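A quick write-up on the structure given underneath.
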Amino acid sequence: MEKKYTISIYTENSVGLLNRVSAIFQRRHINIISITSSASEIEHVSRFVIVVSLTEEAVKKVVGQIEKQIEVIKAFYHTDEETIFQESALYKVASKSLFEERHIQNIIKNSHANIVTVNTEFFVIEKTGFRHETEQLYNDLAPYGLLQFVRSGRISVTKSPMNIKSLLTELNDKN
Amino acid sequence: MKKQNITGSEALIHCLLAEGVDLIYGYPGGAIMPFYDELYKFQDKLQHVLTRHEQGATHAAQGYARVSGKVGVCVATSGPGATNLVTGIADAMIDSTPMVCITGQVPSHLLGSDAFQETDIIGISTPVTKWNYQISDVSEIPAIMAKAFYIARSGRPGPVLIDITKDAQFASFDFDYTPCKGVRSYKPVPTISMDAIEEAAAIISSANKPLIVWGQGVILGKAEAEFKTFVEKSNIPAAWTILGVSAIATNHPQNVGMVGMHGNYGPNKLTNECDVLIAIGMRFDDRVTGSLSTYAKQAKVIHLEIDPAEINKNVFADVAVLGDVKEVLPLLSERVAAKPYKEWYEAFKNHDEIEFEKVIKGDLHPTKQGLTMGEVLKEINRASNNDAVIVSDVGQHQMIACRYAQFSNSKSNITSGGLGTMGFALPAAIGAKMGAPEREVVAIIGDGGFQMTIQELGTIFQTQAAVKVVVLNNDFLGMVRQWQQLFFDKRYASTEMVNPDFVKIAEGYFIDAKRVTKREDLASTVNEMIASDKPYFLEVCVEKEDNVFPMIPSGASVSEIRLS
Chain U
46 MEKKYTISIY TENSVGLLNR VSAIFQRRHI NIISITSSAS EIEHVSRFVI VVSLTEEAVK
106 KVVGQIEKQI EVIKAFYHTD EETIFQESAL YKVASKSLFE ERHIQNIIKN SHANIVTVNT
166 EFFVIEKTGF RHETEQLYND LAPYGLLQFV RSGRISVTKS PMNIKSLLTE LNDKN
Chain G
15 MKKQNITGSE ALIHCLLAEG VDLIYGYPGG AIMPFYDELY KFQDKLQHVL TRHEQGATHA
75 AQGYARVSGK VGVCVATSGP GATNLVTGIA DAMIDSTPMV CITGQVPSHL LGSDAFQETD
135 IIGISTPVTK WNYQISDVSE IPAIMAKAFY IARSGRPGPV LIDITKDAQF ASFDFDYTPC
195 KGVRSYKPVP TISMDAIEEA AAIISSANKP LIVWGQGVIL GKAEAEFKTF VEKSNIPAAW
255 TILGVSAIAT NHPQNVGMVG MHGNYGPNKL TNECDVLIAI GMRFDDRVTG SLSTYAKQAK
315 VIHLEIDPAE INKNVFADVA VLGDVKEVLP LLSERVAAKP YKEWYEAFKN HDEIEFEKVI
375 KGDLHPTKQG LTMGEVLKEI NRASNNDAVI VSDVGQHQMI ACRYAQFSNS KSNITSGGLG
435 TMGFALPAAI GAKMGAPERE VVAIIGDGGF QMTIQELGTI FQTQAAVKVV VLNNDFLGMV
495 RQWQQLFFDK RYASTEMVNP DFVKIAEGYF IDAKRVTKRE DLASTVNEMI ASDKPYFLEV
555 CVEKEDNVFP MIPSGASVSE IRLS
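Residue numbers (the working numbering), protein chains in the order written: chain U, 46 to 220; chain G, 15 to 578.
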């Protein structure tokens, strides 16, 4: 049965690795739902968070292929229940609608979104949360006209430890 | 090793020399010219073989690597030079061949500008390399080259591509070379689990009908002796994949033959009757397993592997024994004892007799008029005392070569296994001869594949590499024709070849050449070929529409193997 899995990959920070990792999915005709690459808790170590919908057997094989890449330190996969995850969304709205449609103010207040910036032309709202929360705000704001909308990929941390620091200490000692 | 103020190009040469390289294959061009200029000054230490196409350089490097166990090296320029390497790199990747490819690249300030002969070879080669890297800063050369060789040869070997911008080749720096001993994010050899060893030994000891299937991992792991001990100590019948075959002598009494699509009848059929399947350094390729849903379902599977990603990839392993096969096998040998397995061996013998009657007899001792590919192999075995390096291309002749060649020494069956690259054999045989000059190297090629890299006859002529080239000519793309006959109602779409006079072509390259069309000329001409200490070309005109049997139809079970 297919299920949503979050793949977390700790890697060396090197040019072209994203290509190498994404090629593993492309070759198997697997659609990546979202992908985020950023710094990790360790200096010079990057962390990828990739969300896919796969069977557990398939995700295991993909993680095996990812771990095989020379510059990948370690890869894991987790279910939604095993992770704490969020997405961020930005909504750009014309300023005049804020004054003309008083209801917008209530929407913003009720959604616990933050106003990032306001000027005479437009204002920008930021909402971080689960997909259904950013979607709800999208649906609420859409009737008033969204100038721009963007949502980040999933970022997630796991409930159980991944022990990359100790693994790296071990690897550094060996080499 | 230290050198003050040298160019990137000279540094590359010192890196190669430090890694023990004395022979490279390649083709010059604009973006790699600084390197070639330096090479000119080091001719006495580093031999360069000019192939006639970059693809030939990769296959020659592969052939060299496969017979010698060393890393093969090839060089090309940017753009088309680099893209021409891709087929050979993909071939080396799927067959785990250690290779380092060096490509020139446009100067770093032109990267991304669609400059003349610029191509994104890093992007193109990423899915088919174990590792790749672009050097645009001269100071990176020593560490990156050291890492390239380390990665190519360690663990499960594979191809590495290093792309070097032209300005990095020209620039100067103070050179200091230290061989690479490890990369922190890369674990080439998994730690052995003693629990897995014990569990595997217990299952083997309780087996009544165990079967070993070994692959190239035994050869890549330099574990031929340990493997022989395990086979003999356990007395278990052992079958092979085409890349593994020469790890023990073909005439070993426990060798029960080839598995896979055109393998032997017994080991294929009995895969589905064994109670324990011990897979050693093999990856359950679909050409070996046929339909996975009916493959060895009754058996407990023990999988000895160096690459964790291979475990449970195709066939579920009841016990995965990860580690270096050279260390793992002695641990297992200590824990197993021989059983006679009399009836079990009897079953193999019975299948062998059936296969001999239905297939082998006609292949090796034909009574019909036309020559068979099998009898050519038989003559080559005889004339070379069962000890030639056989380099085969892809197709019917390849399956016949793998089925019937007799081997006495390891690293002797060089063929394009996983990728099935037509055109592989001629350049690979050149590399094989240079990697093992003391050995007889015979290339077995079809008339189709021969014409894919036929220009490498020029390399043979120029280097005088004493390769024996045998073209088994049936004027067809024989394997495709066989499938068309069996599965496409004999619609021979684009498989009939109108061929040139191959002997004249070989003679055009000043290579001794003969054509055999009659059985009575075969043995004497093969003798003449083997006796020659020069390159030799032999065309044998064989029966046009012979088929290779046994055969497991694509997608069928190993149990459904056909004898006709």
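Glycine included, each C-beta is placed from N, C-alpha and C at the ideal position.
Quick caveat, the model's predicted, so the values are computed rather than measured.
- In the structure shown, residue 560 of chain G falls within a coil segment according to DSSP collapsed to helix, strand and coil.
- The beta carbon of residue 64 of chain U falls within 9 Å of a beta carbon belonging to chain G, placing the residue at that interface.
- Shown here for residue 73 of chain G: same chain residues with a beta carbon closer than 6 Å to its own, the five before and five after excluded, namely 102, 438, 441, 442 in chain order.
- Using a Cβ-Cβ cut-off of 7 Å, residue 322 of chain G is close to 109 of chain U, given in chain order.
- Nearest neighbour of residue 421 of chain G by Cα position, chosen from G:407, G:398, G:560, G:435, turns out to be G:398.
- Below the 8 Å Cβ cutoff, chain G contributes no neighbours of residue 77 of chain U, its closest Cβ being approximately 16 Å away.
- The residue among U:219, U:218, U:49 with its C-alpha nearest the C-alpha of residue 122 of chain U is U:49.
- Using a Cβ distance threshold of 9 Å, residue 445 of chain G and residue 76 of chain G count as a contacting pair.
- Residue ranges of uninterrupted beta strand (DSSP E) with 3 or more members, entirely inside the region 185-257 of chain G and ordered along the chain, are 186-190, 224-228, 252-254.
- Contacts between residue 140 of chain G and chain U, judged by CB atoms closer than 7 Å, involve 61, 64, 65, 68 in chain order.
- Apart from sequence neighbours up to five positions away, the residues of its chain that approach residue 104 of chain U with a beta-carbon distance below 6 Å are 50, 122, ordered along the chain.
- Closest by C-alpha distance to residue 559 of chain G, out of G:97, G:164, G:383, is G:383.
- By the neighbour-count criterion, in which 16 or more other beta carbons inside 10 Å mark a residue as buried, residue 177 of chain G falls on the buried side.
- The beta-carbon distance between residue 489 of chain G and residue 510 of chain G, rounded to whole angstroms, is 7 Å. This is short enough to meet the 8 Å contact definition.
- Residues 410, 561, 562 of the same chain have their beta carbon placed closer than 7 Å to that of residue 496 of chain G, with the five preceding and five following residues left out of the count.
- At a beta-carbon threshold of 7 Å, the residues of chain U lying near residue 145 of chain G are 115, ordered along the chain.
- Within the same chain, and ignoring the five residues on either side of residue 129 of chain U in sequence, the residues whose Cβ sits closer than 6 Å to its Cβ are 202.
- Around the C-beta of residue 448 of chain G, 16 or more other C-beta atoms lie within 10 Å, and the residue is accordingly described as buried.
- Chain G places a beta carbon closer than 9 Å to that of residue 57 of chain U, counting this residue as a contact.
- By the Cβ test, the region 287-303 of chain G is in contact with the region 311-320 of chain G, since at least three Cβ pairs between them sit closer than 8 Å.
- Here residue 107 of chain U really is in contact with residue 70 of chain U; their C-beta atoms are around 7 Å apart, less than 8 Å.
- Cβ proximity to chain U below 9 Å picks out 321, 322, 323, 324, 325, 326, 327 from the region 317-344 of chain G.
- Between residue 68 of chain G and residue 95 of chain G, the CB-CB gap stays under 9 Å.
- Runs of beta strand (DSSP E) with 3 or more residues, each lying fully within the region 53-109 of chain U, are found at 77-84, 90-99, listed in chain order.
- Contact check for residue 49 of chain G and residue 118 of chain G: beta-carbon distance about 7 Å, within the 8 Å limit, so the pair qualifies.
- Using a Cβ distance threshold of 9 Å, residue 506 of chain G and residue 115 of chain U do not count as a contacting pair.
- Under the DSSP assignment, residue 46 of chain G falls outside any beta strand (DSSP E); it carries neither an H nor an E label.
- Closest in alpha carbon position to residue 46 of chain U, among U:101, U:162, U:119, is U:101.
- For the region 374-403 of chain G, there are no residues whose beta carbon sits under 7 Å from a beta carbon of chain U.
- The beta carbons of residue 140 of chain U and residue 164 of chain U sit about 7 Å from each other, so the pair counts as a contact at 8 Å.
- Between residue 97 of chain U and residue 55 of chain U, the C-beta spacing is not below 9 Å.
- Residue 185 of chain U sits in a helix when the DSSP states are folded into three classes.
- Residue 432 of chain G and residue 172 of chain U have their C-alpha atoms some 50 Å from each other.
- Comparing alpha carbon positions, the residue from G:480, G:463, G:471 closest to residue 455 of chain G is G:480.
- Interface with chain G (9 Å Cβ-Cβ cutoff): residue 48 of chain U is excluded.
- Within chain G, the residues 196 have their CB atoms less than 7 Å from the CB of residue 219 of chain U, given in chain order.
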